[in-house]
Amino acid sequence: MQVVRNNACQNKQSLPRLALVFSSSSEQMADLTGITRHAIVDDKLGLGEPLSMQTIQELLADLTGSLDRSQGNTKGNYQFIPSNVLLSSPSAITWYQPSREGMLWLQVGGERCGFQIRWPALVFNIQKGSARLSVAALETDERPTPENHVYDVPMPNCYHGGGFCLGSATLPREINFSTLPEIEACMYEALKTHSNNSQALADGSTPTAFWVGMDVERRKTGVIPTITASQMTRIGYLGDWIEQVASR
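Numbering (the working numbering), first residue to last: 826 to 1073.
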């Protein structure tokens, strides 16, 4: 294949070096079947080398960095990593939050009701491309490792395995370290309307019924309700869970 140059934009310092070819089973890019990288020699495409999605992401990151440097723009090329971030890649961020006292907002009998509870420690995973949020519960407040157990979040709007229904909550347009608190707010502050995970609690009760019952006890004793690992449903190990939510 002959490579046509745009001479108005070419000079001795800027020549075509490689090309990415996107193959599709139809005219729609949604039907993408593969991407190959081709060296350009004497204005012709060389043989194609199939690329993985990870390689493409790394290549685009390198190209973006090169463009910024060529334009003298280094702002935004680096970010300090928050201490609670576990993993960060071009495609996703995984981080955790220790347990905390706060409000849980539930829809009970058609009304919005607030319950004062101690939230369990949570681990969050956000996929940047699809803006898909997954959340699991942790046993302790310590920084987790891949070998730590994770549990279904014992709250309404949470699915078995870590899926989460945003409901009326909205994720920020930009997914980066600075917007992690906004993402967390979708869990901590949004109204929970439906208990759709019958496996969330070890005793089989629904999350809504569980927390309503715990609030009755709080009013009697004055003790802010919490939940232990023995009351939650274990779903596996953190390392395996991260791989699973990334492949959904």
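Heads up, the beta-carbon is just placed ideally off N, CA and C, and yes, glycines get one too.
Given the structure is predicted, the values throughout are model-derived calculations rather than measurements.
N-terminal and C-terminal residue of the alpha helix (DSSP H) that residue i is part of
i     : result
E1007 : L1005 to Y1013
M1039 : P1032 to T1046
Assigned secondary structure, residue i (DSSP; H/G/I helix, E/B strand, else coil)
i     : result
F940  : strand
T858  : strand
F989  : strand
A1025 : coil
L1063 : helix
A864  : strand
V846  : strand
T1051 : coil
P841  : coil
F949  : strand
N836  : Residue confidence for N836 is low, a pLDDT of 48 falling below 50, so the modelled location carries little weight; the figure read from the coordinates is stated next. Three-state DSSP puts N836 in a strand.
A1071 : helix
L996  : coil
T970  : coil
Inter-residue Cα distance where the pair is residue i and residue j
i     : j     : result
S916  : R943  : 31 angstroms
G992  : M1012 : 10 angstroms
P875  : N950  : 29 angstroms
S850  : R842  : 27 angstroms
R995  : W1036 : First, the residue type needs correcting, since residue 995 is Thr and not Arg in the sequence shown. Each residue's Cα considered, the two are about 24 angstroms apart.
V866  : R998  : 41 angstroms
L857  : V975  : 35 angstroms
D1040 : E1068 : 36 angstroms
M928  : F847  : 49 angstroms
E852  : A864  : 25 angstroms
A946  : V1070 : 19 angstroms
T880  : R862  : 10 angstroms
Closest residue to residue i among the options (Cα-Cα distance)
i     : options                       : result
D1065 : T919, L840, V866 and S1055    : T919
M1057 : R1073, F905, Q1024 and N973   : Q1024
Q932  : A1054, G1061 and A1034        : A1034
L1077 : G871, R1059 and P997          : The structure shown has nothing for residue 1077, since the chain only spans 826 to 1073.
G1074 : Q941, G1061, L912 and A1054   : Nothing can be reported for residue 1074: it is not among the residues displayed for the chain, which extend from 826 to 1073.
T962  : S1072, Y1062, A1071 and R1073 : A small correction: the amino acid at residue 962 is Ala; Thr does not occupy that position in the sequence shown. Considering only alpha carbons, the answer is Y1062.
C983  : S1072, W930, N1022 and G939   : N1022
Residue i burial status per 10 Å Cβ neighbour count (16 or more: buried)
i     : result
P979  : buried
N909  : exposed
Q922  : buried
N1001 : exposed
S1020 : buried
K869  : exposed
V1048 : exposed
S955  : exposed
F989  : buried
D977  : buried
I1052 : buried
Residue span of the beta strand (DSSP E) that contains residue i, given as start and end
i     : result
L870  : K869 to P875
H974  : H974 to Y976
M928  : R925 to V933
T1058 : Looking at the DSSP string, T1058 is not in any beta strand (DSSP E), and its letter there is neither H nor E.
L1016 : That residue, L1016, is in no beta strand (DSSP E); it is neither H nor E in DSSP.
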